[in-house]
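First up is the structure itself, then whatever we jot down about it.
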Amino acid sequence: MTSPARFLIAAALAFAPLAFTAPAKADVSSWMAASAGPISWKQGDADYQIDPALQFDVGVGTTPENRFIVGGLFRVTPLIGSGTDLGLLLRGTTRGFQEGGFGLALDAGGYARFWDANSYGFTGSLTLGAPLGLTLSLQGALGTDNAVAFGGVLGIDFLRLTVYRKTMTEIWPNPYAAPQSARSSAPRLSF
(Lines of atoms letter the chains of each structure in order from A and count residues from 1; the text may use other names and numbers.)
(Lines give C-alpha, C1' and ligand atoms only; values in the text may rest on other atoms or scores of the structure.)
Protein backbone atom coordinates (compact mmCIF):
# COMPACT_ATOMS: atom_id res chain seq x y z
CA MET A 1 0.00 0.00 0.00
CA THR A 2 1.30 3.48 -0.81
CA SER A 3 1.53 6.22 1.72
CA PRO A 4 -0.44 9.47 1.38
CA ALA A 5 2.83 11.43 1.32
CA ARG A 6 4.02 9.62 -1.83
CA PHE A 7 0.70 10.32 -3.53
CA LEU A 8 0.84 14.03 -2.63
CA ILE A 9 4.43 14.38 -3.88
CA ALA A 10 3.57 12.62 -7.15
CA ALA A 11 0.48 14.81 -7.63
CA ALA A 12 2.48 17.99 -6.91
CA LEU A 13 5.13 17.02 -9.46
CA ALA A 14 2.49 16.15 -12.05
CA PHE A 15 0.66 19.46 -11.68
CA ALA A 16 3.72 21.73 -11.16
CA PRO A 17 4.04 22.62 -14.89
CA LEU A 18 0.53 24.06 -14.79
CA ALA A 19 1.69 26.78 -12.36
CA PHE A 20 4.05 28.27 -14.95
CA THR A 21 2.31 29.81 -17.93
CA ALA A 22 3.20 32.02 -20.83
CA PRO A 23 0.76 34.42 -22.44
CA ALA A 24 -1.22 32.63 -25.11
CA LYS A 25 -1.98 34.20 -28.43
CA ALA A 26 -5.28 32.79 -29.56
CA ASP A 27 -6.70 35.37 -31.93
CA VAL A 28 -9.24 34.01 -34.38
CA SER A 29 -11.04 35.57 -37.29
CA SER A 30 -14.81 35.83 -37.00
CA TRP A 31 -17.61 36.78 -39.33
CA MET A 32 -21.16 37.91 -38.59
CA ALA A 33 -22.90 39.35 -41.62
CA ALA A 34 -26.38 40.24 -42.81
CA SER A 35 -27.14 40.71 -46.52
CA ALA A 36 -30.06 41.03 -48.91
CA GLY A 37 -30.63 40.76 -52.65
CA PRO A 38 -32.39 38.87 -55.44
CA ILE A 39 -31.91 35.12 -55.93
CA SER A 40 -33.07 33.34 -59.09
CA TRP A 41 -33.87 29.69 -58.47
CA LYS A 42 -35.71 26.65 -59.74
CA GLN A 43 -36.29 23.11 -58.56
CA GLY A 44 -37.64 20.07 -60.37
CA ASP A 45 -39.36 20.88 -63.67
CA ALA A 46 -40.52 24.33 -62.56
CA ASP A 47 -39.45 27.53 -64.31
CA TYR A 48 -36.96 29.94 -62.78
CA GLN A 49 -38.39 32.43 -60.33
CA ILE A 50 -36.77 35.40 -58.64
CA ASP A 51 -37.29 35.88 -54.91
CA PRO A 52 -35.96 38.57 -52.60
CA ALA A 53 -33.57 36.89 -50.19
CA LEU A 54 -31.89 37.61 -46.90
CA GLN A 55 -28.62 36.00 -45.91
CA PHE A 56 -27.08 35.61 -42.47
CA ASP A 57 -23.52 34.31 -42.01
CA VAL A 58 -21.70 33.37 -38.79
CA GLY A 59 -18.25 31.82 -38.75
CA VAL A 60 -14.73 31.58 -37.34
CA GLY A 61 -11.32 31.11 -38.89
CA THR A 62 -7.58 31.18 -38.37
CA THR A 63 -5.71 34.19 -36.98
CA PRO A 64 -6.38 37.49 -38.77
CA GLU A 65 -2.63 38.15 -38.89
CA ASN A 66 -2.18 35.56 -41.65
CA ARG A 67 -2.02 36.69 -45.25
CA PHE A 68 -4.73 34.15 -46.10
CA ILE A 69 -7.37 33.09 -43.59
CA VAL A 70 -9.27 29.80 -43.64
CA GLY A 71 -12.36 29.05 -41.60
CA GLY A 72 -15.84 27.66 -41.41
CA LEU A 73 -19.15 29.42 -41.99
CA PHE A 74 -22.78 28.66 -41.16
CA ARG A 75 -25.22 30.34 -43.55
CA VAL A 76 -28.99 30.83 -43.35
CA THR A 77 -30.66 32.09 -46.55
CA PRO A 78 -34.40 32.80 -46.32
CA LEU A 79 -35.96 33.11 -49.78
CA ILE A 80 -38.91 35.37 -49.00
CA GLY A 81 -42.15 33.68 -49.97
CA SER A 82 -40.55 30.26 -50.55
CA GLY A 83 -38.43 28.85 -47.71
CA THR A 84 -35.02 28.85 -46.04
CA ASP A 85 -31.79 27.19 -47.19
CA LEU A 86 -29.15 26.21 -44.62
CA GLY A 87 -25.48 25.96 -45.54
CA LEU A 88 -22.20 24.84 -44.00
CA LEU A 89 -19.22 26.22 -45.92
CA LEU A 90 -15.45 26.45 -45.91
CA ARG A 91 -14.27 30.07 -46.23
CA GLY A 92 -10.96 31.39 -47.53
CA THR A 93 -10.26 35.13 -47.32
CA THR A 94 -7.49 37.62 -47.82
CA ARG A 95 -6.18 39.70 -44.92
CA GLY A 96 -7.57 42.83 -46.58
CA PHE A 97 -11.06 41.34 -46.46
CA GLN A 98 -10.71 40.42 -42.79
CA GLU A 99 -9.37 43.82 -41.74
CA GLY A 100 -12.41 45.61 -43.10
CA GLY A 101 -10.78 46.97 -46.25
CA PHE A 102 -10.80 45.72 -49.83
CA GLY A 103 -10.39 41.98 -50.23
CA LEU A 104 -11.95 38.73 -51.39
CA ALA A 105 -13.61 35.77 -49.72
CA LEU A 106 -14.36 32.46 -51.41
CA ASP A 107 -16.93 30.14 -49.81
CA ALA A 108 -17.70 26.56 -50.83
CA GLY A 109 -19.72 23.86 -49.14
CA GLY A 110 -23.04 22.14 -48.88
CA TYR A 111 -26.61 23.27 -48.42
CA ALA A 112 -29.87 21.68 -47.32
CA ARG A 113 -33.38 22.72 -48.32
CA PHE A 114 -36.14 21.27 -46.16
CA TRP A 115 -39.09 22.93 -47.90
CA ASP A 116 -40.97 22.17 -51.11
CA ALA A 117 -39.31 18.95 -52.30
CA ASN A 118 -36.20 18.57 -50.16
CA SER A 119 -32.90 19.31 -51.87
CA TYR A 120 -29.26 18.88 -50.87
CA GLY A 121 -26.20 19.96 -52.79
CA PHE A 122 -23.26 22.29 -53.38
CA THR A 123 -23.30 26.02 -52.73
CA GLY A 124 -20.57 28.58 -53.23
CA SER A 125 -19.98 32.30 -53.33
CA LEU A 126 -17.37 34.89 -54.20
CA THR A 127 -17.52 37.96 -51.97
CA LEU A 128 -15.89 41.33 -52.53
CA GLY A 129 -15.21 43.11 -49.26
CA ALA A 130 -15.11 46.92 -49.18
CA PRO A 131 -14.26 49.39 -46.39
CA LEU A 132 -16.56 49.66 -43.37
CA GLY A 133 -17.57 46.00 -43.57
CA LEU A 134 -19.54 46.31 -46.81
CA THR A 135 -19.83 43.14 -48.91
CA LEU A 136 -21.07 42.24 -52.38
CA SER A 137 -21.50 38.52 -52.91
CA LEU A 138 -22.17 36.54 -56.10
CA GLN A 139 -23.42 33.05 -55.36
CA GLY A 140 -24.72 29.87 -56.83
CA ALA A 141 -26.03 26.45 -55.85
CA LEU A 142 -26.62 23.07 -57.54
CA GLY A 143 -28.53 20.31 -55.83
CA THR A 144 -30.72 17.26 -55.96
CA ASP A 145 -34.16 17.38 -57.60
CA ASN A 146 -32.66 19.59 -60.36
CA ALA A 147 -32.27 22.52 -57.95
CA VAL A 148 -30.33 25.50 -59.32
CA ALA A 149 -29.92 28.95 -57.77
CA PHE A 150 -27.81 32.02 -58.48
CA GLY A 151 -27.89 35.65 -57.46
CA GLY A 152 -26.19 38.45 -55.64
CA VAL A 153 -26.53 40.00 -52.21
CA LEU A 154 -25.27 43.27 -50.74
CA GLY A 155 -24.59 43.41 -47.03
CA ILE A 156 -22.52 44.37 -44.05
CA ASP A 157 -20.24 42.26 -41.88
CA PHE A 158 -20.58 43.69 -38.38
CA LEU A 159 -17.31 42.21 -37.08
CA ARG A 160 -15.32 43.52 -40.06
CA LEU A 161 -16.85 46.93 -39.35
CA THR A 162 -16.06 46.94 -35.63
CA VAL A 163 -13.63 44.44 -34.13
CA TYR A 164 -11.36 43.77 -37.13
CA ARG A 165 -11.48 47.16 -38.87
CA LYS A 166 -8.01 48.61 -39.52
CA THR A 167 -9.04 50.92 -42.36
CA MET A 168 -10.18 54.55 -42.19
CA THR A 169 -8.79 54.82 -38.65
CA GLU A 170 -7.54 58.36 -39.25
CA ILE A 171 -11.12 59.65 -39.48
CA TRP A 172 -12.83 56.98 -37.33
CA PRO A 173 -10.46 55.48 -34.73
CA ASN A 174 -10.85 51.85 -33.70
CA PRO A 175 -9.50 51.74 -30.13
CA TYR A 176 -10.07 48.00 -29.70
CA ALA A 177 -8.96 46.60 -33.04
CA ALA A 178 -8.08 42.91 -33.00
CA PRO A 179 -5.61 41.33 -32.86
CA GLN A 180 -3.99 42.99 -29.88
CA SER A 181 -0.26 42.44 -29.48
CA ALA A 182 0.87 40.12 -26.70
CA ARG A 183 2.01 41.98 -23.57
CA SER A 184 4.96 39.78 -22.75
CA SER A 185 6.40 36.53 -23.98
CA ALA A 186 8.23 35.67 -20.74
CA PRO A 187 6.82 32.81 -18.68
CA ARG A 188 5.34 33.84 -15.36
CA LEU A 189 4.02 32.18 -12.26
CA SER A 190 0.23 32.23 -12.03
CA PHE A 191 -2.25 30.94 -9.49
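First residue of the sequence shown? That's 179 in our numbering, and the numbers climb one at a time after it. The beta carbon of each residue, even a glycine, is placed where N, CA and C say it ideally should be.
By the neighbour-count criterion, in which 16 or more other beta carbons inside 10 Å mark a residue as buried, GLN221 falls on the buried side. Contact between LEU337 and TRP209 holds: CB atoms are separated by about 6 Å, below the 8 Å threshold. In the three-state reduction of the DSSP assignment, PRO256 falls in the strand class. The straight-line gap separating the alpha-carbon atoms of ARG291 and GLN317 is approximately 16 Å. Contact between the region 248-257 and the region 266-278 is present: three or more C-beta pairs spanning the two stretches fall below 8 Å.
According to the DSSP secondary-structure assignment, PHE300 is paired through a beta bridge with GLY288, LEU320. The continuous alpha helix (DSSP H) containing ALA183 extends over residues 182-193.
Less than 8 Å separates the beta-carbon of GLY299 from that of TYR289.
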